[in-house]
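Numbering of the sequence shown is given in the working numbering, commencing with residue 748 and proceeding in unit increments.
Glycine residues also receive a C-beta, built at the ideal position from the N, C-alpha and C atoms.
Note that the coordinates shown come from a computational prediction; the quantities given were computed from them, not determined experimentally.
Have a look at the structure below, then the notes.
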Amino acid sequence: MNNSGAIYIEHPDHHAVISELSRQMQARGFVAVERDPTDCDPRIMIPAKRLRHFLVMPAVAGWVVIWEDPGYFAERPLAQALAANLGRRAIWIEVSGNGVSWAYGHYDGSTTLDEQYSEVKVPYYGEYGSIFFAFNPEHTPEEFIAKFGLPYDSYDYARVVAGDLPAATGAVVHLAFEK
Numbered sequence: 748m749n750n751s752g753a754i755y756i757e758h759p760d761h762h763a764v765i766s767e768l769s770r771q772m773q774a775r776g777f778v779a780v781e782r783d784p785t786d787c788d789p790r791i792m793i794p795a796k797r798l799r800h801f802l803v804m805p806a807v808a809g810w811v812v813i814w815e816d817p818g819y820f821a822e823r824p825l826a827q828a829l830a831a832n833l834g835r836r837a838i839w840i841e842v843s844g845n846g847v848s849w850a851y852g853h854y855d856g857s858t859t860l861d862e863q864y865s866e867v868k869v870p871y872y873g874e875y876g877s878i879f880f881a882f883n884p885e886h887t888p889e890e891f892i893a894k895f896g897l898p899y900d901s902y903d904y905a906r907v908v909a910g911d912l913p914a915a916t917g918a919v920v921h922l923a924f925e926k
């Protein structure tokens, strides 16, 4: 995993995860809209976005994967809310382009089991916002992913939209929400 983020929910039913994701987005003031998955908000910092796209994969090895456009980030509070409201384990992970700076959270229901991140407000690709990467040379994102057996470790939003997925994955569900 490199220069990308994802939320993983340990759940056998991706439709249940989709329902809760939709509920969470509505609670944040967003409404569901029909948009092409490539019709993305040009802003990349999640708090500034008024249009958010998600791709949700059917469960593989017990984990449902959620990617958000453009794939660089995943929303930590969203992962926490999904875990709490579904009563399931969730993993939040973001990995910088160098693969050494990364952030993660491991949640079980409303309990935080483990987190590593450092919130820093910085200009990022011409925008101002928070990034969460922490320097961690002792453990790699790949080791963390392998520890939980998380699927699709080398995929992200853009790669999936381009159709680059194994044939046996099932139907990818695209959701779009606008504020």
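Beta-carbon proximity list for residue i, same chain, < 6 angstroms, skipping 5 on both sides
{"i": "histidine 761", "result": "Val803, Pro805, Ala806, Val811"}
{"i": "isoleucine 813", "result": "Ile754, Phe801, Val803"}
{"i": "leucine 922", "result": "Phe801"}
Opening and closing residue of the alpha helix (DSSP H) in which residue i lies
{"i": "leucine 829", "result": "823–833"}
{"i": "phenylalanine 895", "result": "888–895"}
{"i": "alanine 905", "result": "904–908"}
Helix, strand or coil at residue i according to DSSP, with G and I counted as helix
{"i": "valine 778", "result": "strand"}
{"i": "histidine 928", "result": "The structure shown does not extend to residue 928, since the chain is modelled only from 748 through 926, so no value can be given for it."}
{"i": "glutamate 866", "result": "coil"}
{"i": "valine 920", "result": "strand"}
{"i": "glutamate 767", "result": "helix"}
{"i": "alanine 915", "result": "helix"}
{"i": "alanine 806", "result": "coil"}
Distance between residue j and residue i (C-alpha atoms, nearest Å)
{"i": "serine 857", "j": "arginine 835", "result": "9 angstroms"}
{"i": "alanine 893", "j": "isoleucine 765", "result": "25 angstroms"}
{"i": "tyrosine 899", "j": "tryptophan 849", "result": "17 angstroms"}
{"i": "asparagine 832", "j": "leucine 860", "result": "16 angstroms"}
{"i": "serine 901", "j": "tyrosine 755", "result": "14 angstroms"}
{"i": "valine 920", "j": "tyrosine 904", "result": "12 angstroms"}
{"i": "alanine 914", "j": "glycine 896", "result": "20 angstroms"}
{"i": "serine 843", "j": "arginine 782", "result": "28 angstroms"}
{"i": "arginine 775", "j": "leucine 912", "result": "31 angstroms"}
{"i": "glycine 809", "j": "alanine 779", "result": "27 angstroms"}
N- and C-terminal bounds of the beta strand (DSSP E) containing residue i
{"i": "valine 811", "result": "810–815"}
{"i": "arginine 799", "result": "798–803"}
Neighbourhood of residue i by C-beta, 8 angstroms cutoff - its chain only, sequence neighbours within 5 removed
{"i": "phenylalanine 777", "result": "Arg799, Phe924, Glu925, Lys926"}
{"i": "arginine 770", "result": "Asn832"}
Beta bridge counterpart(s) of residue i as assigned by DSSP
{"i": "tyrosine 854", "result": "Ala837, Thr859"}
{"i": "alanine 881", "result": "Trp849"}
{"i": "glycine 752", "result": "Glu841"}
Residues near residue i in its chain [Cβ-Cβ closer than 7 angstroms; skip 5 each side]
{"i": "tyrosine 819", "result": "Asn750, Ser751, Gly752, Ile791"}
{"i": "threonine 785", "result": "Val908"}
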